[in-house]
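Asker: First, the structure itself, so that you have it in front of you.
Below, the structure is given as structure tokens:
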């Protein structure tokens, strides 16, 4: 921890050094360290208003910083660091390996506009995608709808709106700092953040990751009780009341999008909290696995409406919660069997790619590579 | 019968009568004081286990150190460790019987008991490791309320079949082996309760020629069935990992490497138990240096197979050209859990090399030390396979760390207590050496006319 | 040895000190025309049951049948559950994933065969049988230690209480006892 002193006022704060932050400056968040906000808010974080004056509400110059012998635990869901850079000589062991690995595995694919003009499908050549039909198993048909999703990494700004929307839509419990620090966060969708380039001025890439609804799902095969199976529309269904909680599915999920109720996280006793929840979504109990359902309740709602009107579900009629709130419309959901749908259109683009396709999982969620158009006077590339 | 220079299987001077009296007297007389102390201590550990399990069921799997990505931890490590230990008992009683290794006779009974108790400890873990232990029976093949059956493609269901079959067959094998000895105890016991109990359990065994004929056929057939079974059980356990697509799990070497590791671990445990028992109960006449030497040799051989497995894992990571595999190995060597891996190499690869030296094989204390190294090393091996593979898999954004909590340790140590408590009860109530088989081999191993005994 | 007052005795039983003596006695008894013989030994001796004319046990056949039943039960259960009763797409694998069905089939084969071996052995040996006349002889307790017994059943056509006792005593036993029924 450090002690920050502005004039005669000082505050003890934990620090987190992030790539790309300007030298000689620090960012302090306001709004924490409250003392009378009840069980959730009290005692979390540090009150930065103590450094703020009406003369300098947003920027203070001349702050002094001093290292103090105190320890404070920070909880984060994104512990990996930069990509494209090996760990430096002064970095602690292990630090930086994540970045090197993330780059080598081509999880987030980025190119420049120039590169795209020369080789439009460069993203598809960065990884190793097995050809369609290369399988020991006969293919399954999905004659009706076949739901799929596409995420445009170029459009994603990493704003986290999708994470919050998903949390409210799907009754996802908030587990608290201790659980997050142990790696037990429950978010069904997460934003993987990657830094690329030099530590002083890196590029930041964001990649929302949720259940890929793999057609050859590794999680389903290993479930001993059939609690996760495929629907006829290609959804990787999670049957909560059948789940006994072996966690084998999560171990075998290469995308690590499954979340486990290690404790009874949901408060089902307090009556007023019932109003908080979405009545269309099961409230999960302790000991079961959960994950993104592609908002199956919305799919079923639309299906009922369509069947009442004796028609097909129209493209765009179903919006997943994450898609609905995305300010840049980076997320597109729809029927991949319908060649006219927006999602089919997105998946047909040359920038479209699947992550970890070499494992043969055949994911239904795919990505559009990010394109940058750097100004040559500002950046050498 | 003994080759010159080799210690005998049974010390000289024994007759069928003397082995019967000496072995049955352990059960039929009072236990020494240390037995009460030892049983009391292990029983206290069982109470700790029960306390930890109660807490687990009331509060949830979260009291352990598990997280996402490390969804399996101590429970699965302990499961594989215990079931591996169990394998030596079946190997000694079945495979060595088929191979006509007569030296197995004096160690097979308690090795089989060790199998049963190790399987009992192992069987505990799959039940409690699930998030909702009260529903673990859904893995059994029966249609539940929703008319749903288990999903037979899952290695965990194979595990259920393999482990229950193994437990059942081991129990039957053990019980069948005990029947003539229970009859012996029935005939020797003086207390009425003991007479009735042993009489009830021996089912009226008379030792007639017809009995022995069918018995010997059954025993041989059971040995023939137990042999492929024991190989299949650890193969199926290895499938829990090998069928997954995780680097560090997904390897075709796993079945043979696991089976060898199981025998390795099991023999280490047999030595761990045999060395103190032969001293405490004065059984040096029956569990001789020859037995210890032979077990040392088996441990050395299986240890070398296990070491080969380690080497092949590294070789395949490089040879496959699969970066995920290569990274997994690099992470084992350089990653945050590298110390566990080095300790594993010390315990499982370096320490057993001492067994090349005959003096080590013939000195009970040294053999005991090597066996303790192997016991620890095999636990670490499963830790490396389970945790080191899981904690850094495909997506670096999801990597994490894992450490067992005090509840993880309480349950692990408690399971050792359960194992020991069962073992002490076994020593108290049942003959730890097969009496009738000793009667069989005594005539063959003694130079003088075997059947001539004074009335 | 006191004679049972009302019921006729079950058999006469001679006690021997070695298996050699026992084998010799069996030979002599058979030569003398006795057929209802039973020998009791403290450990299995192949020559004894061979001498008594028991060559093949029915047990291997019982075990084979058990194994075959087990294999079919295991495989058909999985087939019926996965293909007929509850067909569902699991990870894109075929409904009839026969490769995945092998481990369970193997285990049920072993389980049923082993069960057949144990139950078959007890059935062929007529066990459990808590009471048997031979236990009436106090010295029979040594059959589970180091003594060898030969019994001639009283239902043997050539059996005669006195003559048979004389005959057995002629075989140089340690003792001859009457087995009360």
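Protein chains in written order, with the numbering used here: chain P, 228 to 608; chain H, 10 to 464; chain A, 206 to 386. Even for Gly, the Cβ is constructed at its ideal location relative to N, Cα and C.
1) Return helix, strand or coil for residue 263 (chain A), following the three-state DSSP convention.
2) Could you run through the stretch 185-201 of chain H and flag, in chain order, every residue whose CB is less than 9 Å away from some CB of chain A?
3) Just to confirm my understanding: we take residue 369 (chain P), look at its own chain, exclude 5 residues before and 5 after, and list those with CB closer than 6 Å. What are they?
4) Please report how far the alpha carbon of residue 332 (chain P) lies from the alpha carbon of residue 162 (chain H), in whole angstroms.
5) Helix, strand or coil, according to DSSP, for residue 273 (chain P) in the structure here?
6) Does any residue of chain A have a CB that is nearer than 8 Å to the CB of residue 447 (chain P)?
7) So the candidates are P:347, P:243, P:473 and P:507; which of them puts its Cα closest to the Cα of residue 399 (chain P)?
8) Hey, quick one: how far does the beta strand (DSSP E) through residue 421 (chain P) stretch, first residue to last?
9) Drop a sphere of 10 angstroms on the beta-carbon of residue 440 (chain P), count the other beta-carbons inside from all chains shown, and report buried for 16 or more, exposed for fewer.
10) Shorter than 8 Å from the beta carbon of residue 482 (chain P) to some beta carbon of chain H?
11) Is residue 319 (chain A) near residue 231 (chain H), with beta carbons less than 8 Å apart?
12) Provide the residue span of the beta strand (DSSP E) that contains residue 409 (chain P), from first to last.
13) Only counting the same chain, and skipping five residues up and downstream in sequence, which positions put a Cβ closer than 7 Å to that of residue 104 (chain H)?
14) Does any CB atom of chain D fall closer than 8 Å to the CB of residue 134 (chain H)?
15) Which residues in the same chain have their Cβ closer than 6 Å to the Cβ of residue 191 (chain H), if we skip the five residues on either side of it in sequence?
16) Beta-carbon within less than 6 Å of residue 346 (chain H)'s beta-carbon, same chain only, minus the 5 sequence neighbours each way: which residues are those?
17) Compare the C-beta of residue 169 (chain A) with all C-beta atoms of chain H and state if any pair is closer than 8 Å.
18) Whole alpha helix (DSSP H) runs in the stretch 251-335 of chain H with 4 or more residues, listed along the chain?
19) Spatial neighbours of residue 281 (chain A) within its chain, please: C-beta separation below 7 Å, excluding the five flanking residues on both sides.
20) Between residue 294 (chain P) and the rest of its own chain, which residues show a CB-CB distance below 6 Å, the 5 nearest in sequence each way excluded?
21) Please determine, among P:498, P:581, P:589 and P:492, the residue with the shortest C-alpha to C-alpha distance to residue 352 (chain P).
22) Helix, strand or coil: which one does DSSP assign to residue 498 (chain H)?
23) For the alpha helix (DSSP H) holding residue 214 (chain A), just list the boundary residues, first then last.
24) Would you decide whether residue 516 (chain P) is buried or exposed? Buried here means 16 or more other CB atoms lie within 10 Å of its CB.
25) Go to residue 435 (chain P), then tell me how far its beta strand (DSSP E) extends in each direction, as first and last residue.
26) For residue 293 (chain P), name the three-state secondary structure that DSSP assigns.
27) Can you grab the Cα-Cα spacing for the pair residue 433 (chain P) / residue 342 (chain H), in whole Å?
28) If distances are taken between C-alpha atoms only, which option among H:318, H:331, H:309 and H:395 comes closest to residue 370 (chain H)?
29) Against residue 376 (chain A), what residues of chain H qualify as contacts under a CB-to-CB distance less than 9 Å, listed in chain order?
30) From P:289, P:246 and P:338, pick the residue whose C-alpha is nearest to that of residue 597 (chain P); which is it?
31) When the cut-off is 8 Å and only beta carbons count, does residue 239 (chain H) lie next to chain P?
32) What residue range does the alpha helix (DSSP H) around residue 420 (chain H) cover?
33) Could you confirm whether any beta carbon from chain H is found closer than 8 Å to the beta carbon of residue 337 (chain A)?
34) Is the shortest distance between the beta-carbon of residue 258 (chain A) and the beta-carbons of chain P less than 8 Å?
35) Can you give me the C-alpha to C-alpha distance between residue 433 (chain H) and residue 40 (chain H), rounded to a whole angstrom?
36) Count the C-beta pairs between the stretch 314-332 of chain A and the stretch 175-185 of chain H that are closer than 8 Å, then say yes if the count reaches three, no if not.
Answerer: Reading from the atomic positions:
1) Within the third chain, residue 263 (chain A) is the residue found at index 58, counting from 1. It is coil, neither helix nor strand.
2) 185, 188, 189, 190, 192, 193, 194, 195, 196 and 197
3) For this step, residue 369 (chain P) is matched to residue 142 along the first chain. Same-chain partners within the cutoff: 461.
4) Working through the first chain from its first residue, we reach residue 332 (chain P) at position 105. Working through the second chain from its first residue, we reach residue 162 (chain H) at position 153. Roughly 30 Å between the two C-alpha positions.
5) Here residue 273 (chain P) corresponds to residue number 46 of the first chain, with the count starting at 1. Here residue 273 (chain P) sits in coil by DSSP.
6) In the first chain, residue 447 (chain P) corresponds to position 220, counting from 1. Chain A, which has a Cβ nearer than 8 Å to the Cβ of residue 447 (chain P), makes this yes.
7) Looking up residue 399 (chain P) in the first chain gives position 172. If we check each option's Cα against that of residue 399 (chain P), P:507 comes out closest.
8) Here residue 421 (chain P) is taken as the residue at index 194 of the first chain, counted from 1. Run containing residue 421 (chain P): 417-423, per the beta strand (DSSP E) assignment.
9) Translated into positions along the first chain, residue 440 (chain P) becomes position 213. Buried is the call here.
10) Reading the first chain from its first residue, position 255 is the one you call residue 482 (chain P). Yes, its Cβ sits closer than 8 Å to a Cβ of chain H.
11) Residue numbering aside, residue 319 (chain A) sits at position 114 when the third chain is read from its first letter. Residue numbering aside, residue 231 (chain H) sits at position 222 when the second chain is read from its first letter. Taking 8 Å as the Cβ cut-off, residue 319 (chain A) and residue 231 (chain H) qualify as a contacting pair.
12) For the purposes of this step, residue 409 (chain P) is taken as residue 182 along the first chain, with counting starting at 1. First-last for residue 409 (chain P): undefined, no H or E at that position.
13) Looking up residue 104 (chain H) in the second chain gives position 95. Around residue 104 (chain H): 236.
14) Protein chains in the displayed structure are P, H and A, and chain D is not among them.
15) The residue you call residue 191 (chain H) lines up with position 182 of the second chain. The answer, listed in chain order, is 207, 210 and 211.
16) Here the question's residue 346 (chain H) lines up with position 337 in the second chain. Around residue 346 (chain H): 397.
17) No information on residue 169 (chain A) is available, as it lies outside the stretch 206 to 386 that chain A covers here.
18) 263-289 and 298-328
19) Here the question's residue 281 (chain A) lines up with position 76 in the third chain. Correct list: empty, nothing qualifies.
20) Here residue 294 (chain P) refers to the residue found at position 67 of the first chain. 229.
21) Here the question's residue 352 (chain P) lines up with position 125 in the first chain. For residue 352 (chain P), the nearest C-alpha among the options comes from P:581.
22) Because chain H here runs from 10 to 464, residue 498 (chain H) falls outside it and cannot be looked at.
23) Stepping through the third chain from its first residue, residue 214 (chain A) is reached at position 9. No alpha helix (DSSP H) holds residue 214 (chain A); DSSP gives it neither H nor E.
24) Along the first chain, read from residue 1 onward, the residue named residue 516 (chain P) stands at position 289. By the 10 Å Cβ count, residue 516 (chain P) comes out buried.
25) Along the first chain, read from residue 1 onward, the residue named residue 435 (chain P) stands at position 208. Segment 430-436, the beta strand (DSSP E) holding residue 435 (chain P).
26) The residue labelled residue 293 (chain P) in the question sits at position 66 within the first chain. If DSSP states are grouped into helix, strand and coil, residue 293 (chain P) belongs with the strands.
27) Here the question's residue 433 (chain P) lines up with position 206 in the first chain. Here the question's residue 342 (chain H) lines up with position 333 in the second chain. Taking the straight line joining both Cα atoms gives about 31 Å.
28) For the purposes of this step, residue 370 (chain H) is identified with residue 361 of the second chain, where counting begins at 1. Among H:318, H:331, H:309 and H:395, the Cα nearest to that of residue 370 (chain H) belongs to H:309.
29) Against the third chain, residue 376 (chain A) aligns to sequence position 171. Within chain H, no residue comes near residue 376 (chain A); the closest Cβ sits about 15 Å away, beyond 9 Å.
30) As a working note, residue 597 (chain P) is residue 370 in the first chain. The shortest C-alpha separation from residue 597 (chain P) is found at P:338.
31) For the purposes of this step, residue 239 (chain H) is identified with residue 230 of the second chain, where counting begins at 1. No, its Cβ sits nowhere closer than 8 Å to a Cβ of chain P.
32) Start at 1 with the first residue of the second chain, and residue 420 (chain H) comes out as number 411. Residues 415-438.
33) Along the third chain, read from residue 1 onward, the residue named residue 337 (chain A) stands at position 132. Taking Cβ atoms only, chain H reaches closer than 8 Å to residue 337 (chain A), which makes this a yes.
34) Taking the first residue of the third chain as 1, we reach residue 258 (chain A) at position 53. Taking Cβ atoms only, chain P never reaches closer than 8 Å to residue 258 (chain A), which makes this a no.
35) Your numbering for residue 433 (chain H) matches position 424 in the second chain. Your numbering for residue 40 (chain H) matches position 31 in the second chain. For residue 433 (chain H) and residue 40 (chain H), the distance between alpha carbons rounds to 10 Å.
36) yes
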